[in-house]
Structure formats: structure tokens, C-alpha cells
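Trainee: I have a structure here, written as C-alpha cells, and I will follow up with some questions on it.
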Amino acid sequence: MRVWVASIVYYAYCYAVCEVLRWLVLTVVPKPRQSLTIQLLLEFVGTLQICAPMFDVGTVMEHYGLFGVFIEITGLEIVNSFVLRDAVAHPCPLVTTCYRRSKAFRRAVYVFFVQILAAYSSYFVARQFWKFGIHDCHHELLGASTCSSDLTVALAVGCVIEGAATFIGKAFEHFASERYPDSTTQVLVNCSFSGFLCVLGINFTGMYANPIVAWACTFNCEGVSHFGHLFVYWLAPLAGWYAAEIFFGSEDSEVLLEDEPEPEKKEKAVESKAKETKKEK
Numbered sequence: 072m073r074v075w076v077a078s079i080v081y082y083a084y085c086y087a088v089c090e091v092l093r094w095l096v097l098t099v100v101p102k103p104r105q106s107l108t109i110q111l112l113l114e115f116v117g118t119l120q121i122c123a124p125m126f127d128v129g130t131v132m133e134h135y136g137l138f139g140v141f142i143e144i145t146g147l148e149i150v151n152s153f154v155l156r157d158a159v160a161h162p163c164p165l166v167t168t169c170y171r172r173s174k175a176f177r178r179a180v181y182v183f184f185v186q187i188l189a190a191y192s193s194y195f196v197a198r199q200f201w202k203f204g205i206h207d208c209h210h211e212l213l214g215a216s217t218c219s220s221d222l223t224v225a226l227a228v229g230c231v232i233e234g235a236a237t238f239i240g241k242a243f244e245h246f247a248s249e250r251y252p253d254s255t256t257q258v259l260v261n262c263s264f265s266g267f268l269c270v271l272g273i274n275f276t277g278m279y280a281n282p283i284v285a286w287a288c289t290f291n292c293e294g295v296s297h298f299g300h301l302f303v304y305w306l307a308p309l310a311g312w313y314a315a316e317i318f319f320g321s322e323d324s325e326v327l328l329e330d331e332p333e334p335e336k337k338e339k340a341v342e343s344k345a346k347e348t349k350k351e352k
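Per this note's numbering, the sequence shown starts with residue 72, numbered consecutively.
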């Protein structure tokens with residue numbers, strides 16, 4: 072079996088696992104869809120869906136080079152833009168939303184720890200697939216006892232690259248939303264640019280531009296300390312994201328917006344109707 076075929080099978084496996092988990096959450100868990108429990112479980116599935124396929128990037132890079140990585144990242148971004156739902160799968164919006172909305176802090180902490188747990192679990196999802204042994208490279212990955220960091224430049228340079236990439240990615244999304252009114256065109260353009268951006272920086276930092284993915288794939292790997300990882304893959308993207316929100320505007324995630332309890336909603340509805348009746352009189 073060719074490597075690219077094995078990669079496609081792996082992606083299909085990851086998305087199938089996540090779709091099954093999402094279906095189980097919505098059908099088995101005895102909670103309303105708007106409840107915090109359901110939202111956190113869906114966040115877990117969404118983050119798992121983002122992180123798990125990334126364990127195959129190194130294999131594609133080794134066999135097909137930068138062009139293969141471009142095709143892979145672009146394809147994954149396109150698929151995620153259509154199938155990822157009910158999840159943030161990115162810690163930067165959590166921090167910036169808490170800065171603007173202090174009431175969202177408690178929920179953001181819950182979501183953050185769920186993202187961390189999902190990112191950690193994504194490695195075991197990948198290992199389970201490697202155990203199937205559909206290609207020799209999977210046996211090598213399964214037998215590897217250590218990993219190496221993707222950071223090949225100084226920490227300061229790495230911070231600049233990851234922070235700038237996050238800012239540029241957000242800036243391009245803003246440009247595409249204004250330039251292309253059609254949503255499908257926006258998706259294709261944004262996803263292609265994400266693949267291009269990844270190719271530009273993958274040999275320097277791995278070009279993650281998402282702290283939770285970098286944590287899943289490279290945290291505790293040889294070549295960079297925990298503090299170095301924190302600065303390059305967490306603080307730098309957060310600074311880039313925050314700067315982009317200052318320049319291009321911000322948007323609160325629905326996952327972090329707490330719904331009012333049903334009794335309070337009904338009381339407010341009754342009050343508003345009463346006021347309208349008084350006005351008519």
C-alpha cells in the first residue's frame with residue numbers, strides 16, 4: 072500500500088471515530104443539547120478531530136516533501152471547515168473572550184481543560200490506528216520511544232514565526248471574508264492559504280499556529296524545554312491572535328456564552344409581553 076493511501080485511510084479513521092463519538096454524545100447522554108455537559112463533550116470530540124490527523128504530517132513530509140504537506144493541510148482544513156461543529160478546538164479564543172467577558176471565565180477554564188484532555192487522548196487514537204499495521208511506517212511510529220521537537224531555530228525567532236503566522240492567518244481570513252462574498256470560495260481560499268503558511272514555516276517551528284495541536288504533537292519532546300514550548304507555541308500565538316482581534320475585530324465563541332435557565336427565559340418573555348400590552352393600552 073502506498074503511503075498516501077495509508078494516510079487517507081488514517082484520516083477516514085480519525086473522522087469516523089469522532090463522528091461516532093459525536094453521535095453517542097447527542098443520543099446517549101441524557102442531557103439537553105444546550106447543557107454544559109453536552110457542550111464540553113462536543114468540545115472534546117472537536118479538539119480530538121483537529122489534533123489526531125496531525126500525527127501523520129511527519130510521515131507525509133518524509134515521503135512527499137513540502138508539496139505533499141501543502142496538499143495534506145489544505146485537504147484537512149477543507150474537511151474540518153465542513154465537519155467540525157459545536158467546538159472551538161483552539162485555546163486562544165478562550166483567553167481573549169475572557170478578557171472581554173469576565174463572566175465567561177469559569178466556562179473557559181472547563182473548555183480549556185477539556186481541550187488539554189482531548190489533545191492528550193489524540194495520541195492514543197493515533198497509536199490505536201498504528202497497531203493495525205497497514206503500512207510499515209506505522210510500525211516504526213508505534214515502536215518509537217522518543218520524539219523530537221520541530222523547533223529548529225532560536226526561541227525568539229520561533230516566537231516571532233508562530234506569532235506572526237497566527238496574526239497573518241487571522242488577517243487573511245478577514246481579507247477573504249470581505250473579498251469573497253461566497254462562503255464556499257472563502258473556505259477554499261482560507262484553507263489553501265493555511266496549507267501555504269504551513270509549508271513556509273514547517274521546517275522552522277512545525278508551523279502549528281494552534282497551541283493545543285502543538286501541545287498534542289510536540290510537548291515533552293526532545294530539543295526544547297517546557298518553558299521554551301510555552302513561549303513559542305502558547306504565548307506567541309496568543310499574542311498574534313490578540314493583535315489580530317485588535318486590528319480586525321473579535322467574535323465571542325458560542326461555546327463560551329452561557330444560556331439562561333429556562334425559567335428565567337420564560338419570566339423575561341412574560342415581562343416583555345406585559346410591557347407591550349401596557350404600551351398598547
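The C-beta atom is built at its ideal place from N, Cα and C for all residues, glycine as well.
Please classify W201: is it buried, with 16 or more other beta-carbons within 10 angstroms of its beta-carbon, or exposed?
Mentor: Numbered from its first residue, the sequence shown carries residue 201 at position 130. Buried, by the Cβ-count rule.
Trainee: Taking 7 angstroms as the cut-off, decide whether the C-beta atoms of A189 and T118 are in contact.
Mentor: As a position in the sequence shown, residue 189 is number 118, starting the count at 1. As a position in the sequence shown, residue 118 is number 47, starting the count at 1. Contact check for A189 against T118 passes: the beta carbons are separated by less than 7 angstroms.
Trainee: Which residue comes first and which comes last in the alpha helix (DSSP H) that contains L137?
Mentor: Stepping through the sequence shown from its first residue, residue 137 is reached at position 66. For L137, the enclosing alpha helix (DSSP H) begins and ends at 128-154.
Trainee: Report yes if the CB atom of P308 is closer than 7 angstroms to the CB atom of E233, and no otherwise.
Mentor: By 1-based counting over the sequence shown, the position of residue 308 is 237. By 1-based counting over the sequence shown, the position of residue 233 is 162. In contact: P308 and E233 (Cβ atoms closer than 7 angstroms).
Trainee: Given this structure, state the Cα-to-Cα distance separating A280 from A242, to the nearest angstrom.
Mentor: Within the sequence shown, residue 280 is the residue found at index 209, counting from 1. Within the sequence shown, residue 242 is the residue found at index 171, counting from 1. Each residue's alpha carbon lies about 13 angstroms from the other.
Trainee: Just mark F115 as buried or exposed, buried being the case when its beta carbon has 16 or more other beta carbons within 10 Å.
Mentor: The residue given as residue 115 occupies position 44 in the sequence shown. Buried, by the Cβ-count rule.
Trainee: Given that a residue counts as buried once 16 or more other Cβ atoms are within 10 Å of its Cβ, and exposed if not, what is V159?
Mentor: The count along the sequence shown starts at 1 and reaches residue 159 at position 88. V159 should be labelled buried.
Trainee: Apart from the five residues on each side of it in sequence, which residues of its chain come closer than 6 angstroms, Cβ to Cβ, to C218?
Mentor: Taking the sequence shown and counting its residues from 1, the one referred to as residue 218 is at position 147. Excluding residues within five positions, the ones whose Cβ falls inside 6 angstroms are C292.
Trainee: Can you pull the DSSP bridge partners for S216?
Mentor: For this step, residue 216 is matched to residue 145 along the sequence shown. Beta-bridge pairing links S216 to no other residue.
Trainee: So if DSSP puts E353 in a beta bridge, which residue, or which two residues, is it bridged to?
Mentor: Past the boundaries of the shown model lies residue 353; the chain is included only from 72 to 352, so the question cannot be answered.
Trainee: Have a look at Y251, L271, A179 and flag the residue whose alpha-carbon is nearest the alpha-carbon of M132.
Mentor: Mapped onto the sequence shown, residue 132 falls at position 61. Nearest of Y251, L271, A179 to M132, Cα basis: L271.
Trainee: Out of F319, A247, Y181, R156, point me to the one whose CA is closest to C89's CA.
Mentor: For the purposes of this step, residue 89 is taken as residue 18 along the sequence shown, with counting starting at 1. The closest CA to that of C89, considering only F319, A247, Y181, R156, is found on R156.
Trainee: Taking the continuous alpha helix (DSSP H) assigned at A315, which residues delimit it?
Mentor: Counting from one through the sequence shown, the residue named residue 315 turns up at place 244. Looking at the DSSP string, the run of the alpha helix (DSSP H) that includes A315 is 307-319.
Trainee: Would you identify the three-state DSSP class for P282, choosing helix, strand or coil?
Mentor: Position 211 of the sequence shown holds residue 282. Three-state result, P282: helix.
Trainee: Within 10 angstroms of the Cβ of M125, are there 16 or more other Cβ atoms? Answer buried if so, exposed if not.
Mentor: If you number the sequence shown from 1, residue 125 lands on position 54. Label assigned to M125: buried.
Trainee: If you reduce the DSSP assignment to three classes, tell me which class N261 lands in.
Mentor: Within the sequence shown, residue 261 is the residue found at index 190, counting from 1. Here N261 sits in helix by DSSP.
Trainee: Take G229 as the anchor and find which of E143, H300, S78 has the nearest alpha-carbon.
Mentor: Here the question's residue 229 lines up with position 158 in the sequence shown. The option with the nearest alpha carbon to G229 is H300.
Trainee: Report yes if the CB atom of F298 is closer than 7 angstroms to the CB atom of T223, and no otherwise.
Mentor: On the sequence shown, residue 298 is found 227 positions in, with the first residue counted as 1. On the sequence shown, residue 223 is found 152 positions in, with the first residue counted as 1. Not in contact: F298 and T223 (Cβ atoms no closer than 7 angstroms).
Trainee: Quick check: the segment 257-269 against the segment 134-148, are at least 3 beta-carbon pairs closer than 8 angstroms?
Mentor: A contact exists between the segment 134-148 and the segment 257-269.
Trainee: Which of helix, strand or coil does DSSP assign to S78?
Mentor: Numbered from its first residue, the sequence shown carries residue 78 at position 7. Correct three-state label for S78: helix.
Trainee: Could you check whether the segment 80-97 touches the segment 245-259, counting it as contact only if at least three pairs of C-beta atoms, one from each stretch, sit closer than 8 angstroms?
Mentor: no
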